[in-house]
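In the working numbering, each number is its position in the first sequence, counted from 1, plus 124.
All C-beta atoms, glycine included, are put in the ideal place defined by N, C-alpha and C.
Remember, it's a predicted structure, so these values are computed and weren't measured experimentally.
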Amino acid sequence: MTSEAPPRNLDFIREIVEDDLRSGKHNTVVTRFPPEPNGYLHIGHAKSICLNFGIASEYGGRCHLRFDDTNPTKEESEYAEAIKRDVTWLGFSWDHLFHASDYFEQLYQWGEELIRDGKAYVDSSTAEEIRDMRGTLTEPGKESACRSRSADENLDLFRRMRAGEFSDGTHVLRAKIDMQSPNINMRDPVLYRIRHEDHHRTGDKWDIYPMYDYAHPLSDAIEQITHSLCTLEFEDHRPLYDWLVETVRVPARPRQIEFARLNLNYTVMSKRKLLRLVEERYVAGWDDPRMPTIAGLRRRGFTPAAIRNFAERVGVAKRENVIDVGLLEFCVREDLNKVAPRVMGVLRPLRVVIENYPEGQSEELETPNNPEDASAGSRKVPFSRVLYIERDDFMEEPPKKFFRLAPGREVRLRSAYFITCSSVVKDAAGNVVEIRATYDPATRGGDAPDGRRPKATLHWVSAEHAVDCEVRLYDRLFNAENPEEGGDFLEHLNPDSLEIVPDGKLEPSVRSAAPFSHYQFERLGYFLVDPESKPGQPIFNRTVTLKDSWAKKLAGGGGLARASV
RNA sequence: UCCGGGGUCGUCCAAUGGUAGGACGCGGGUCUUUGGAGCCCGUCAUCGUGGUUCGAAUCCACGCCCCGGAGCCA
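Right under this line is the structure:
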């Protein structure tokens, strides 16, 4: 009778959340995504965003977007705006935008409270002295002489720090915990530092700013966060997190849970390295289609659904992981295959003259917009005597498994006619510059009344109707699986990560395609209309190639099948 | 060396003392007006050594290996 719930493989975080809900520890779940506005979001952040917003929505809770803006020297509004844009684009929304800087007053008051309770003190040592007294990984630290200051003296000093009476670096507020602790984070961590610097939101109101370790747990508590999810490197900070939410009289006690961050092969993910790629112009900007940033992926042609699906497939666990970028590519193909309209485009044009097709004549042929989706309808493409096909689709001396066009061979032109290559025209150097062919008028639409079936179907574009376009073919930015390994990561930059095709030929239906629209160029791959396109002069970014078993054969099978086209 | 984590197919993720399973990849087949997609089949793994148990990836012991940690960064 008891209807068993279908077995689900929950990740360890969702298990904890469900336990807490079941046990009544919480009756709602509140998570948060807390970026520092000092750089652009990347695919690793997407995992965290999907996790935090995903859990909130699955369990009927909330997820806050909170800017962890506690360091005015590194943070900018431009980054904050980009982050909001990216989170929204990914498909998530927050009902209220939070900032750690909104809590500065409360955080300051709690600082005074800690002082009064004898749990914090002002240290007037220099940064070097503090570092020296902290000890090492294997030796305990030493207590600062300032540790014994009276609460009154500490309060006075802390207030004067706030009032701006002291210059940068002269004093800090430290928690009084345990200089002997084997966990360095518990050796009287710094809570506040003096920074005479304007903050992008609070202006010149503050001369002291809280440290992450202090601001983060208390901000979580203020927002009644139930589960504070972060990456593994904060595991050592958890005792301090707990110390703060237990020691300070906060309205709630959030729990920090750590998971392994996402790593992707053939790219770099650290903000410092991404910033360097941008600043030193190895890429065109944060949204360069080769960047692993959300903005870059968007401009490359990845879809929010593909990224969300990717985030789900990579899972959540605590062991270090490196995800194969092939999985990301699989996810975008999977999505685009369902939704991208098909279109025909030739990247390396080879002229074909249909000798028995009347000069000056043309006709319109019907072709489906998406064979995967009948509701996408169909469109007409013009056909005439002179066409372009892909250079790679013709070989004068075809090897065994090459099924495409060759002298004397008949192939189908997609949704058009069967053609047979009758001869080739070469230039002085012996390069094939034109194919002469005949067509079979009885095969209009692509079927032969006698039932014969060519082994290949080629895409094509009518020369006189073609739209000229630029196509940007992107490949991975690095050619090493782990660019960080061995020497400078820049040494592994892939010199062929961008190839510009200046004279692609497209069917006329895409002449004024809107920026950011997705297409499949049949047999080639998925392409996105770049925002730099001008009316009538589209620019396309290749998102990803279609799987191509012939190209793979050429590449020797296995490994990194790069499209030859 | 101290503290904290982690070791399951090539790569990710599951199995919560009871037949090691899924996804991607790879290989093959089928289908095909995209050499795409789809469909079918197959390939491949529990860090090591002991122990507990009818039964261990799972529990215990001892090792080994990997990652993180000494910002007034987050």
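Runs of the beta strand (DSSP E) lying entirely within the segment 311-351, each at least 3 residues long, are 314-318 and 332-334 in chain order.
Listed in chain order, the beta strand (DSSP E) runs fully inside the segment 613-640 are 622-630, counting runs of at least 3 residues.
In chain order, Lys171, Leu386, Asn445, Ile447 and Leu451 place their CB closer than 8 angstroms to the CB of Val438, counting only its own chain and leaving out the 5 sequence neighbours on each side. Scanning its chain for C-beta atoms nearer than 7 angstroms, with the 5 sequence neighbours on each side dropped, one finds around Ser502 the residues Glu490, Thr491, Pro492 and Asn493, in chain order. Here Gly450 carries a helix assignment [DSSP, helix/strand/coil]. Looking at the DSSP output, Val467 sits in a beta bridge with Phe645. Thr194 and His323 have their alpha carbons spaced roughly 9 angstroms apart.
Bridge pairing for Asp247: Val296 [DSSP]. The way I'd put it, the segment 568-583 does touch the segment 528-539; three or more beta-carbon pairs between them come closer than 8 angstroms. If you check the CB distance, Val456 and Ala430 come in under 8 angstroms. Put simply, the segment 262-275 does not touch the segment 226-234. Fewer than three CB pairs are less than 8 angstroms apart.
Taking Leu281 as the centre and dropping the five residues before and after it, the same chain places the C-beta of Val246 and His295 closer than 7 angstroms to its C-beta, in chain order.
With fewer than 16 other Cβ atoms inside 10 Å of its own Cβ, Asn133 counts as exposed. Comparing alpha-carbon positions, the option among Tyr390, Gly610 and Leu399 lying closest to Ser621 turns out to be Tyr390. Taking Arg568 as reference, the option from Ser539, Asn307, Ala408 and Asn309 with the minimal CA-CA separation is Ser539. Membership of Arg186 in the beta strand (DSSP E) is indicated by the continuous run Arg186 to Phe191.
With a contact defined as Cβ atoms closer than 8 angstroms, Phe157 and Ile173 qualify at about 5 angstroms. Taking all protein chains shown into account, Val653 has 16 or more neighbouring C-beta atoms within 10 Å of its C-beta and is therefore buried. A direct Cα-Cα distance of roughly 46 angstroms separates Pro264 from Ser217. Comparing alpha-carbon positions, the option among Gln661, Pro506 and Ala530 lying closest to Pro626 turns out to be Gln661. Val314 and Glu160 have their C-alpha atoms spaced approximately 19 angstroms apart. DSSP, reduced to helix, strand and coil, places Thr567 within a helical segment of the structure shown.
The segment 505-569 contains, as complete beta strand (DSSP E) runs of 3+ residues, the segments 510-514, 534-537, 542-550 and 556-564 (chain order). Ile624 is classed as exposed because its beta carbon has fewer than 16 other beta carbons within 10 Å across all chains shown. Rounded to whole angstroms, the separation of the alpha carbons of Lys462 and Glu496 is 6 angstroms.
Note on Gly469: 16 or more other CB atoms within 10 angstroms of its CB, so buried under the neighbour-count rule.
Residues Asp135, Phe136, Phe383 and Ala384 of the same chain have their beta carbon placed closer than 8 angstroms to that of Ala441, with the five preceding and five following residues left out of the count. Residues Ser508, Arg509 and Tyr563 of the same chain have their beta carbon placed closer than 8 angstroms to that of Tyr481, with the five preceding and five following residues left out of the count.
Burial check for Thr427: the Cβ neighbour count within 10 Å reaches 16 or more, so the residue is buried.
If you draw a straight line from the Cα of Arg286 to the Cα of Ile332, it comes to about 6 angstroms.
Here Val557 is exposed: its Cβ has fewer than 16 other Cβ atoms, across all protein chains shown, within 10 Å.
Within the segment 153-238, the runs of alpha helix (DSSP H) that reach at least 4 residues and sit entirely inside it are, in chain order, 167-182 and 201-213. Taken through DSSP and simplified to helix, strand or coil, Thr260 comes out as coil. When secondary structure is reduced to three states using DSSP, Ser291 falls in the coil class, being assigned neither helix nor strand. In the displayed model, Lys658 falls within a strand according to three-state DSSP. Counting along the chain, Asp592 sits inside the beta strand (DSSP E) bounded by residues Val591 to Tyr598.
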